[in-house]
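Asker: First the structure, which I've put down as structure tokens, then a few questions once you've had a look.
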Amino acid sequence: MGITQILVNIFTGIVDKIGYGGICFLMTLESTAAPVPSEAVLPFAGFLMHTGRFSFWPILIWSLVGALLGSLFSYALGLYGLRPLIKRFGKYIFLNEHHLEMTERFFERRGEISVFFCRFIPVVRHFISIPAGAGKMNLVKFTFYTLLGASIWHSILIYTGYYLKDNWDNLQKYFHIIDLFVIVVFVCGIIYLIWQRK
């Protein structure tokens, strides 16, 4: 059994036992940079919708509540945690206030579209709220585009699970491919960081 399958079993078990609260909890974790992909949670919730246990709107609403709570936490982490750390210790990792100013300008110009589209990108969606906070993106705009992107993405995942119906278990044979992909991305990221430091 691969790592991805083990994690999926844990996440689906939480949803199965706790229900809508479990969905909210897991989506909160996803948006706080925890390794909880919505792709492993919401399709299963959609499958349970097919069985009659869940309904679409409660799934969507609770998933959005979780996504927003986690995103606001990460936003605050970037605003009140990352900025002071960069100002004080950034020089040791080649970051300074100039980089913060560049981040601010970026989110002033492209913050809305970045936050919106990053909700559709695996891994990136876990972290986008932190630089948005560090860049002092307008909180109202941040909230709106976070919810807009998440509502579309979550709806797609929920209905994917709904239309998979009894084929849900067949997805397990693809989990080893996902494991390999995650490992490759992780290794490439480490190599890139090492190369950048040279």
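Numbering (my numbering) for the sequence shown: 30 to 227.
Ideal Cβ positions, reconstructed from N, Cα and C, are used throughout, including at glycine.
Since this is a predicted model, take the numbers as computed values, not measurements.
Along the chain, where does the alpha helix (DSSP H) that runs through residue 80 open and close?
Answerer: 71 to 80
Asker: Provide the residue span of the alpha helix (DSSP H) that contains residue 154, from first to last.
Answerer: 153 to 156
Asker: Here's a check: name, in chain order, each residue in its chain whose Cβ is nearer than 7 angstroms to the Cβ of residue 104, leaving out the five neighbours to either side.
Answerer: 158, 161, 162, 171
Asker: Excluding the 5 residues flanking residue 41 on each side, which residues of the same chain have their C-beta closer than 6 angstroms to its C-beta?
Answerer: Taken in chain order, the residues that qualify are 73.
Asker: Taking the beta carbon of residue 52 as the centre, do at least 16 other beta carbons fall within 10 Å, making it buried, or is it exposed?
Answerer: buried
Asker: Between residue 182 and residue 67, what straight-line distance do the alpha-carbon atoms span, to the nearest angstrom?
Answerer: Whole-angstrom Cα-Cα distance: 9 angstroms.
Asker: Would residue 92 and residue 71 be called neighbours here (beta carbons separated by less than 8 angstroms)?
Answerer: yes
Asker: For residue 189 and residue 75, I'd like the C-alpha separation in whole angstroms.
Answerer: 7 angstroms
Asker: With a threshold of 16 other CB atoms inside 10 Å of the CB of residue 164, please say whether the residue is buried or exposed.
Answerer: buried
Asker: Can you check which of these residues, 177, 134, 94, is closest to residue 147 by C-alpha distance?
Answerer: Selected option, being the one with the closest Cα: 177.
Asker: Answer with buried or exposed for residue 88, where buried requires no fewer than 16 other C-beta atoms within 10 angstroms of its C-beta.
Answerer: buried
Asker: Given a threshold of 16 other Cβ atoms within 10 Å of its Cβ, counted over all protein chains shown, does residue 60 qualify as buried or as exposed?
Answerer: Under the 10 Å beta carbon count, residue 60 is surrounded by 16 or more other beta carbons and is classified as buried.
Asker: From the DSSP output, in three-state form, read off residue 173 for me.
Answerer: helix
Asker: Hey, how far is the Cα of residue 107 from the Cα of residue 132?
Answerer: 11 angstroms
Asker: On the three-state DSSP scale, how would you describe residue 63?
Answerer: coil
Asker: How about residue 78 and residue 192: do their beta carbons lie closer than 8 angstroms?
Answerer: no
Asker: Taking the C-alpha atoms as reference points, what is the distance between residue 168 and residue 96?
Answerer: 15 angstroms
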